[in-house]
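Note that the protein sequences, when read in sequence, are chains L and U. In this text, residue positions in the first sequence follow my numbering: the first is 1, and each later residue adds one. In this text, residue positions in the second sequence follow my numbering: the first is 495, and each later residue adds one. Encoded as structure tokens, the structure appears first; notes follow it.
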Amino acid sequence: MAAVQDTVEQVRSIDVDQYKYGFETNIESEKAPKGLSEEVIRFISTKKEEPEWMLQWRLDAYARWLTMQEPEWARVSYPQIDFQDLYYYSQPKKFKAPKSLDEVDPEILKTYEKLGIPLREQVILAGVEIPEGERPKIAVDAVFDSVSVATTFKEELKAAGVIFMPISEALREHPDLVKQYLGSVVPATDNYYATLNQAVFSDGSFVYIPPGVRCPMELSTYFRINEKNTGQFERTLIIADKGSYVSYLEGCTAPMRDENQLHAAVVELVALDDAEIKYSTVQNWYPGDAEGKGGIYNFVTKRGDCRGRNSKISWTQVETGSAITWKYPSCVLRGEGSSGEFYSIAISNGRQQVDSGTKMIHLGKNTTSRIISKGISAGKSNNTYRGLVSAHRKAAGARNFTNCDSLLIGDLCGAHTVPYIEAKNPTAQFEHEATTSKISEDMLFYCMQRGLSQEDAVALVVNGFVRDVLQQLPMEFAVEAQKLISISLEGSVG
Amino acid sequence: MAAPAPALVRPMKTGAELALAETFAAVRASLPGGPDVAAQRTAAFDTFADAGLPHRRVESWKYTDLRALMRDAKPLAPLPDADAKAKAVAAGSLFSTLGFRRLVVVNGTFVPELSDLADLEPGLTIASMADALADPTGLPASYLGRTVASSDAVLALNTALMGDGVVVHVAAGAAVTRPVELVFVTTAETPVAAFTRSLVVVEDGARLSLVESHEGPAGIAYQVNTALELVVGAGATFERVKVTTEGSDAVHLATMLAKVAADASFSNTFFTTGGAVVRNQLLLHLAGESVKAHMGGVSLLAGKQHADTMLSVDHAAPAGESRESFRAVLDGASQDIFQGKIAVRQAAQKTDARMLSRALLLTETAESCNKPELEIFADDVQCGHGCTTGTLDQQIKFYLMARGIPAKEAEALLIQAFVGEVIDAIGEEGIRTALAEATRAWLLGRE
């Protein structure tokens with residue numbers, strides 16, 4: 001059919017090179033020597049003014065990492081990474097813990113301005129007064145390369161008792177809290193990249209919500225890889241104490257680079273009794289050019305631990321960027337009656353490779369989980385959903401519903417589904433369904449017959465396809481995500 | 495940089511692997527076949543030796559760790575003597591009243607005198623694998639090892655040590671109306687191993703219905719490694735039902751490699767109730783356009799039984815249709831594993847593939863693992879899979895009990911309905927009835 005041919009041609013002609021955020025900020029930066037060694041780790045630790053136990057913790061991980069092998073099971077292929085050819089620490093040079101935004105390097109602020117989206121509250125960042133009530137409630141902790149440069153809304157959060165600060169600062173101010181939880185969800189033994197992260201992580205966000213507190217605003221962090229050949233290894237730790245609630249937003253973009261950049265982050269969430277954490281991500285890192293040159297390698301370990309009774313952790317992600325995505329936000333449902341959710345939209349175009357999914361590990365009684373995954377592949381990309389749902393012996397009454405749908409646009413891409421479903425308890429009820437299809441000709445015909453252009457029709461169908469997930473995003477993110485989806489599929493669908 | 499980790503060299507070291515190597519060295523000269531077959535055997539054994547017995551780190555054997563489940567390798571079964579043959583007469587009783595053409599393989603050796611070789615329908619040819627291997631112009635020379643490529647270690651082991659089996663050929667256009675039943679029976683009183691290999695070629699436009707049953711004595715830890723290669727020609731119709739009722743301590747490893755040409759129809763159903771460890775692997779290659787393939791399976795497991803079904807459906811040509819429907823009923827501390835992969839190549843546009851696997855856990859200690867998998871490179875396709883695990887619906891059971899049906903019978907009714915969906919899809923009515931009967935018998939035997 002002609003319509004299909006058009007779409008295919010458009011996919012072929014798609015210009016992935018027009019990466020909107022491909023600019024570079026010229027700020028002098030201070031780097032650790034290239035390569036990875038004990039010295040570099042000591043250097044990072046000293047720079048961060050870390051206590052001795054942290055250094056030891058890093059060195060243990062490094063020793064372990066040396067004995068580990070890079071995982072090969074994912075459906076992604078890339079040239080071997082030379083871990084000695086990366087900078088593990090880079091910090092903007094003029095850096096001095098800024099007290100207010102005025103002290104932030106104007107170049108950085110300009111960068112934010114260009115990015116426009118996740119830091120769309122430029123006015124707030126600039127400190128302009130907005131009448132109470134109209135003010136979007138978002139606190140931003142921006143990570144510019146390796147160091148958090150600005151934290152807004154600190155005062156208001158402080159009043160609520162919420163701790164939201166760079167993890168390096170938390171190590172100094174709340175060492176006990178950090179020590180208690182850091183590495184308790186993702187241990188050093190977890191996997192190759194998590195271990196590497198533990199050895200070299202430079203910064204990240206730390207959030208602690210005290211018992212019974214509903215965090216008064218959406219917390220947001222914003223990652224951006226800027227310096228050439230710097231891996232970014234941030235570490236996020238969020239603890240929701242009993243009966244608390246927090247919604248956390250994370251957005252990522254990175255400037256255009258020729259060489260691949262490595263991103264190996266670790267995110268740990270801990271939800272105690274009756275607490276709820278909602279973690280949303282919009283990931284829009286540079287996917288590489290049309291030939292697959294450049295782009296970010298995104299090897300991320302994200303895991304939430306529903307430690308308390310009736311706790312809840314919800315992951316929502318919109319993945320449109322990165323040359324390679326290797327990411328499985330998971331929930332360990334330990335507490336009785338706890339629940340986990342995973343909502344994902346993964347879009348791949350050009351030569352992107354996505355291998356993503358989730359793990360729902362049911363350990364406690366009456367735990368529930370829900371997985372909604374929507375994969376869209378276009379161009380010459382490969383998009384894999386890989387997930388595990390397991391119920392252990394004691395997980396009586398565990399309940400899971402999984403739905404993963406894939407949409408193929410063009411005949412040069414691949415969509416794959418690899419779910420693992422393991423039940424060791426008879427009362428566990430698992431349901432899994434997956435479908436793969438292309439946009440139905442009937443639907444397109446129907447829309448076009450009513451006067452929509454083909455592009456608009458496809459956009460409409462795609463939006464309907466991902467709607468279940470978009471609805472889960474906080475308002476501020478949903479609009480942005482919708483735009484992102486359009487940009488990602490530009491040329492192939494509206 | 496971190497020095498690249500040395501490749502994992504794992505020399506053959508488990509007792510079973512060493513014993514298999516010794517067995518191969520001892521018997522290779524006496525195994526059937528000419529120099530070509532011998533070369534094939536050597537290459538296959540090298541493949542096995544490189545990989546060793548499959549273990550957890552081998553993705554397609556993730557849930558069936560043969561290194562742990564097969565601690566030792568048993569000696570090859572001797573040729574069946576008169577006593578063994580006498581015991582084998584009663585084998586295959588499940589279908590004995592249905593008048594199928596019985597071909598009996600005792601302890602890994604085809605026994606013509608127990609088999610029904612009279613009045614072969616026109617176009618139907620039957621031979622023993624050992625004889626056929628010796629013939630350099632025979633069917634095995636053209637087909638064996640050439641149907642579907644696989645580097646599976648268990649299949650390689652079968653190729654290296656294959657002794658006997660059955661070769662069935664159906665000439666183009668011939669419709670064999672009387673089903674052929676392959677009865678594989680182990681009668682040994684000591685633990686032995688048998689490596690059987692069969693080949694079925696159904697030429698263009700022909701038709702064949704095949705039943706395969708595997709059984710043996712309880713309480714004896716014998717090992718069966720059986721493989722069937724199948725070629726289905728254009729427009730041909732093939733149906734197979736494989737019934738595994740091995741003895742309580744048996745390890746049963748079965749591989750089926752099937753290549754199906756355009757417009758053909760392929761159907762395969764597994765029915766498993768016996769054996770300590772049962773592995774059924776089916777590699778299906780849809781080589782031609784518009785093939786219709788149906789695969790079903792029922793596992794009824796109890797005690798510490800472990801059954802693993804591995805499917806790999808390769809849609810290589812356009813407009814293929816595949817349907818998979820599997821049911822497992824798990825009692826005691828049994829384990830059922832279902833791994834099903836549907837791959838759709840770029841050329842296979844208009845593919846329509848559906849897979850459904852469902853497990854019913856009757857006890858606290860039963861386990862079910864499911865791994866349905868889709869690998870799709872064509873855009874104009876409809877593919878889906880679904881899987882569920884759970885226990886019996888207590889409300890429905892209550893409904894039945896409230897109407898005076900005892901608890902156990904109510905359960906039996908529900909379970910029969912649960913597996914009935916698969917059994918009802920079998921074409922031969924006699925087989926459907928026999929399997930429904932076998933299900934009922936299994937349910938009655940439940941404690």
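We treat Cβ as the ideally placed atom computed from N, Cα and C, and that holds for glycine.
Give me the chain L residues within the contact set of residue i, using Cβ-Cβ distance strictly less than 7 Å, ordered along the chain.
i: SER862(U); result: ALA423
i: LEU855(U); result: ALA423, PRO426
i: PHE871(U); result: GLY414
i: LEU722(U); result: Near LEU722(U) there are no residues of chain L at all, since even the closest Cβ is about 28 Å away, more than 7 Å.
i: GLU867(U); result: THR417, VAL418
Please report how far the alpha carbon of residue i lies from the alpha carbon of residue j, in whole angstroms.
i: THR367(L); j: ARG926(U); result: 40 Å
i: MET849(U); j: VAL807(U); result: 11 Å
i: PRO131(L); j: THR189(L); result: Its pLDDT being 41, under 50, PRO131(L) is placed unreliably in this model, and the value from its coordinates should be taken loosely. Near 50 Å, if we compare the C-alpha coordinates of THR189(L) and PRO131(L).
i: GLU319(L); j: GLN283(L); result: 5 Å
i: PHE892(U); j: ALA396(L); result: 20 Å
i: ILE376(L); j: LEU627(U); result: 50 Å
i: ALA159(L); j: PRO210(L); result: 12 Å
i: VAL686(U); j: LEU570(U); result: 6 Å
i: ASP830(U); j: ARG691(U); result: 25 Å
i: TRP936(U); j: ASN762(U); result: 22 Å
i: THR195(L); j: GLU268(L); result: 13 Å
i: GLN717(U); j: GLY659(U); result: 16 Å
i: ARG550(U); j: LEU563(U); result: 11 Å
i: VAL661(U); j: TRP285(L); result: 58 Å
i: ARG172(L); j: LEU560(U); result: 52 Å
i: THR739(U); j: LYS394(L); result: 32 Å
i: THR562(L); j: SER330(L); result: It is not possible to answer for residue 562(L), since the shown part of chain L is limited to 1 through 494.
i: LEU597(U); j: GLY921(U); result: 21 Å
i: ALA700(U); j: ASN349(L); result: 46 Å
Show which residues of chain U have a CB atom less than 9 Å away from the CB atom of residue i.
i: LYS359(L); result: Within chain U, no residue comes near LYS359(L); the closest Cβ sits about 14 Å away, beyond 9 Å.
i: ILE409(L); result: ASP873
i: SER437(L); result: ASP873, ASP874, VAL875, GLN876, CYS877, GLY878
So, at 6 Å on beta carbons, what are the nonlocal neighbours of residue i in its own chain, with the 5 sequence-adjacent residues on each side left out?
i: LEU702(U); result: VAL664, VAL670, VAL696, PHE732
i: PRO71(L); result: TYR192
i: ASP305(L); result: VAL185, VAL270, VAL332
i: ASN485(U); result: Summary: the structure shown does not reach residue 485(U), with chain U confined to residues 495 through 941, and so no result is reported for it.
i: ASP273(L); result: LYS242, GLY308, ARG309
i: GLN799(U); result: SER828
i: GLY924(U); result: LEU592
Give me the DSSP bridge partner(s) of residue i.
i: TYR446(L); result: Bridge partners of TYR446(L): none, in fact.
i: PHE765(U); result: VAL737(U), VAL792(U)
i: LEU702(U); result: PHE732(U)
i: SER707(U); result: VAL677(U), VAL737(U)
i: PRO166(L); result: SER205(L)
i: ARG334(L); result: Looking at the DSSP assignment, ARG334(L) forms no beta bridge with any residue, so it has no partner.
i: ASP830(U); result: ALA801(U), SER862(U)
i: GLN717(U); result: ALA687(U), VAL745(U)
With a CB to CB cut of under 7 Å and the five nearest residues on each side skipped, what residues in its chain are close to residue i?
i: LEU638(U); result: LEU693, GLU723
i: ILE890(U); result: LEU908
i: ASP60(L); result: ALA188
i: LYS99(L); result: Only weak support exists for where LYS99(L) lies, its pLDDT of 45 falling under 50; the value from the coordinates is given anyway. Excluding sequence neighbours, LYS99(L) sits near nothing in its chain.
Is residue i close to chain C, meaning its C-beta is less than 8 Å from at least one C-beta of that chain?
i: GLN840(U); result: In the structure shown, chain C cannot be found, because the protein chains are L and U.
Listing by chain order, which chain U residues have their CB less than 7 Å from the CB of residue i?
i: GLU431(L); result: THR882
Confirm the yes/no value for this check: CB of residue i, any heavy atom of the ligand MG, distance under 7 Å.
i: VAL807(U); result: No copy of the ligand MG appears in this structure; indeed no ligand is present at all.
Taking Cβ-Cβ distances shorter than 8 Å, what residues in chain L pair up with residue i?
i: THR731(U); result: What THR731(U) touches in chain L: nothing, since even the nearest Cβ is about 29 Å away.
i: THR684(U); result: Here the premise fails: no neighbours, minimum Cβ distance about 36 Å.
i: GLU858(U); result: ARG393, ASN425, PRO426
Residues in the same chain with beta-carbon distance under 8 Å from residue i, minus the five sequence neighbours each way, listed in chain order, please.
i: GLU607(U); result: LYS579
i: GLY451(L); result: none
Can you list the residues of chain L that residue i reaches, using a CB-CB cut of under 9 Å?
i: THR558(U); result: What THR558(U) touches in chain L: nothing, since even the nearest Cβ is about 13 Å away.
Task: Start-end ranges of the alpha helix (DSSP H) lying completely within the region 630 to 685 of chain U, minimum 4 residues - done: For the region 630 to 685 of chain U, whole alpha helix (DSSP H) runs of length 4 or above, ordered along the chain, are 633 to 637, 647 to 655.
TODO: Please go through the region 345 to 383 of chain L and give each complete beta strand (DSSP E) segment of 3 or more residues, from N-terminal end onward.
DONE: As far as the region 345 to 383 of chain L is concerned, its whole beta strand (DSSP E) runs of at least 3 residues are 353 to 356, 359 to 362, 368 to 377.
TODO: Run through the region 403 to 455 of chain L for me and flag every whole beta strand (DSSP E) of 3 or more residues, listed as ranges in chain order.
DONE: Taking only runs of at least 3 residues, the beta strand (DSSP E) segments lying wholly in the region 403 to 455 of chain L are 414 to 423, 429 to 438.
- [ ] Report the residue ranges of all alpha helix (DSSP H) runs contained in full by the region 842 to 920 of chain U; include only those spanning at least 4 residues, in chain order.
- [x] The region 842 to 920 of chain U contains these whole alpha helix (DSSP H) runs: 888 to 896, 901 to 917.
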